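**Student:**
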Amino acid sequence: MTDIRKPIFDAVRAAGKSGLFNDSAKITALDALLDDFGIPKSEPAVTDVTLKILLEIAKHEGIVPEAYKDSVGVWTWGIGVTNASGHQVYPRYKDNPQTLPYTLKVAVWLMRQKYLPPVLAAFEDCNLTENELGAALSFQYNTGGIARATWVKQVVAGQLAEARVSILNWNKPPEILGRRKAERDLFFDGKWAGDGKALVYGVAKPSYHPKGAVNTDITAAAREALKP
161 MTDIRKPIFD AVRAAGKSGL FNDSAKITAL DALLDDFGIP KSEPAVTDVT
211 LKILLEIAKH EGIVPEAYKD SVGVWTWGIG VTNASGHQVY PRYKDNPQTL
261 PYTLKVAVWL MRQKYLPPVL AAFEDCNLTE NELGAALSFQ YNTGGIARAT
311 WVKQVVAGQL AEARVSILNW NKPPEILGRR KAERDLFFDG KWAGDGKALV
361 YGVAKPSYHP KGAVNTDITA AAREALKP
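Adding 160 to a residue's 1-based position in the sequence shown gives its number in the numbering used here.
1) Using CA coordinates, which residue listed in Tyr262, Thr188, Asn182 and Glu203 is at the minimum distance from Pro388?
2) Pick from Pro257, Arg165, Leu215 and Trp235: whose alpha carbon is nearest that of Asp195?
3) According to DSSP, simplified to helix, strand and coil, what is His247?
4) Any idea if Asn329 is buried or exposed, counting beta-carbon neighbours within 10 angstroms, 16 or more meaning buried?
5) Measuring straight from C-alpha to C-alpha, what distance separates Ser360 and Val172?
6) Could you have a look at Pro257 and say whether DSSP puts it in helix, strand or coil?
7) Enumerate in chain order the residues of its own chain whose CB-to-CB distance from Ser298 is below 7 Å, with the five nearest sequence positions on each side excluded.
8) Determine the contact status of Ala296 and Phe347, defining contact as a CB-CB distance below 9 Å.
9) Which stretch, first to last residue, makes up the alpha helix (DSSP H) that contains Gly179?
10) Roughly how many whole angstroms lie between the Cα atoms of Leu214 and Tyr250?
11) Please classify Gly304: does DSSP put it in a helix, a strand, or coil?
12) Pop quiz: Ala227 and Lys254 are said to be a contact at Cβ under 8 Å. What is the actual Cβ separation, rounded to whole angstroms?
13) Roughly how many angstroms lie between the CA atoms of Ala189 and Ala307, to the nearest whole one?
14) In whole angstroms, what separates the C-alpha of Val266 from that of Leu193?
15) At which residues does the beta strand (DSSP E) containing Lys357 begin and terminate?
16) Check whether the Cβ atoms of Leu293 and Val279 lie closer than 9 Å to each other.
17) Identify every residue that forms a DSSP beta bridge with His369.
18) How close, in whole Å, do the beta carbons of Val268 and Val209 come, if the pair is a contact with beta carbons under 8 Å?
19) In chain order, what residues of the same chain lie with their CB nearer than 7 Å to the CB of Trp311, ignoring the 5 residues before and after it?
20) Taking the alpha carbon of Trp235 as the point to measure from, which residue in Asp191, Gly354, Ala373 and His369 has its own alpha carbon closest?
21) Just curious, the alpha helix (DSSP H) that Thr379 is in, first and last residue?
22) Which whole-angstrom value describes the C-beta separation of Val232 and Thr289, a residue pair presumed to lie in contact below a C-beta threshold of 8 Å?
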């Protein structure tokens, strides 16, 4: 959705005489010059989970390679996967930790099956760049609210300044605000939070609550997970 050439055209319009681009030949001439310099017209659209997107979401979510009980007692595994996803995690992964590549592969499957389609539908005919898709998919994975989010509707309508503010309205519980700001910065400014690492947790017993997070480089595991 990002038009790389727009800032250039805006700068020329501001510096030039009034009505400069009322002459279509001027637009064609500037386009041709930018073609000669090898400047693309827009970033390529992305419609699937990429390595950077997977690493970004894992950074926010954390990973628990064996089944654990979440804050309300629901058996959960991996990157927030429950039996309700269609992939059985309990009793399959109780006392049965899995490898990181496998754990991430299931997360990718879930993203593609459950979370990616609503994101693409919500942005209608917009061609999302990698950073935009990554931010939107992270938002949907966390909230499930992409279809009703005002900020998304504002993006589709071209109201980007308003959308930057509206995304932060999804701020409950309060501790989620840091993630919302990261998603805002990724969508609108292309600033990735992912650094190839994620917190990987163990499981305390007999409570089966997560414990002992270790900041782990998961890049190789993520690459393996994305292989067909």
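Note that CB positions come from ideal geometry on N, CA and C, so glycine has one too.
The structure presented is a predicted model; accordingly, all values stated were derived computationally and were not measured.
**Tutor:** In terms of the structure at hand:
1) The count along the sequence shown starts at 1 and reaches residue 388 at position 228. Here the closest residue by C-alpha is Tyr262.
2) Position 35 of the sequence shown, counted from the first residue, corresponds to residue 195. The option with the nearest alpha carbon to Asp195 is Arg165.
3) For the purposes of this step, residue 247 is identified with residue 87 of the sequence shown, where counting begins at 1. Coil, per DSSP.
4) Numbered from 1 along the sequence shown, position 169 holds the residue referred to as residue 329. Asn329 is classed as exposed because its beta carbon has fewer than 16 other beta carbons within 10 Å across all chains shown.
5) Here the question's residue 360 lines up with position 200 in the sequence shown. Here the question's residue 172 lines up with position 12 in the sequence shown. According to the sequence as given, residue 360 is Val; it is not Ser. Cα to Cα, the separation comes out at about 50 Å.
6) On the sequence shown, position 97 is the one that residue 257 refers to. Pro257: coil per DSSP, three-state reduction.
7) If you number the sequence shown from 1, residue 298 lands on position 138. Closer than 7 Å at the Cβ level, and outside the excluded window around Ser298, lie Glu216, Ile217, His220 and Glu343.
8) Here residue 296 refers to the residue found at position 136 of the sequence shown. Here residue 347 refers to the residue found at position 187 of the sequence shown. Contact flag set, yes.
9) Sequence index remark: in the sequence shown, residue 179 carries index 19 (1-based). Element bounds for Gly179: n/a, residue is neither H nor E.
10) Taking the sequence shown and counting its residues from 1, the one referred to as residue 214 is at position 54. Taking the sequence shown and counting its residues from 1, the one referred to as residue 250 is at position 90. Rounded to the nearest angstrom, the two C-alpha atoms are 24 Å apart.
11) In the sequence shown, counting from the first residue as 1, residue 304 sits at position 144. Of the three classes helix, strand and coil, the one that applies to Gly304 here is coil, per DSSP.
12) In the sequence shown, the residue the question calls residue 227 occupies position 67. In the sequence shown, the residue the question calls residue 254 occupies position 94. That belief holds up - the Cβ atoms of Ala227 and Lys254 are roughly 4 Å apart, short of 8 Å.
13) Mapped onto the sequence shown, residue 189 falls at position 29. Mapped onto the sequence shown, residue 307 falls at position 147. Going by the C-alpha atoms only, they are around 41 Å apart.
14) Here residue 266 refers to the residue found at position 106 when the sequence shown is read from its first residue. Here residue 193 refers to the residue found at position 33 when the sequence shown is read from its first residue. The alpha-carbon separation between Val266 and Leu193 amounts to approximately 47 Å.
15) Within the sequence shown, residue 357 is the residue found at index 197, counting from 1. Lys357 -> beta strand (DSSP E) spans Lys357 to Ala364.
16) What you label residue 293 is simply residue 133 of the sequence shown in a count that begins at 1. What you label residue 279 is simply residue 119 of the sequence shown in a count that begins at 1. A contact, by the Cβ cut-off of 9 Å.
17) For the purposes of this step, residue 369 is taken as residue 209 along the sequence shown, with counting starting at 1. DSSP, once it has assigned bridges, lists Ala364 as partnering His369.
18) Locating residue 268 in the sequence shown gives position 108, counting from the first residue. Locating residue 209 in the sequence shown gives position 49, counting from the first residue. Between Val209 and Val268 the Cβ distance is about 5 Å, and since that is below 8 Å, they are a contact.
19) Numbered from its first residue, the sequence shown carries residue 311 at position 151. Excluding residues within five positions, the ones whose Cβ falls inside 7 Å are Ala323, Ser326 and Ile327.
20) The residue you call residue 235 lines up with position 75 of the sequence shown. Nearest C-alpha to Trp235: His369.
21) Taking the sequence shown and counting its residues from 1, the one referred to as residue 379 is at position 219. Element bounds for Thr379: Thr379 to Ala385.
22) For the purposes of this step, residue 232 is taken as residue 72 along the sequence shown, with counting starting at 1. For the purposes of this step, residue 289 is taken as residue 129 along the sequence shown, with counting starting at 1. About 36 Å separates the two Cβ atoms, so there is no contact after all.
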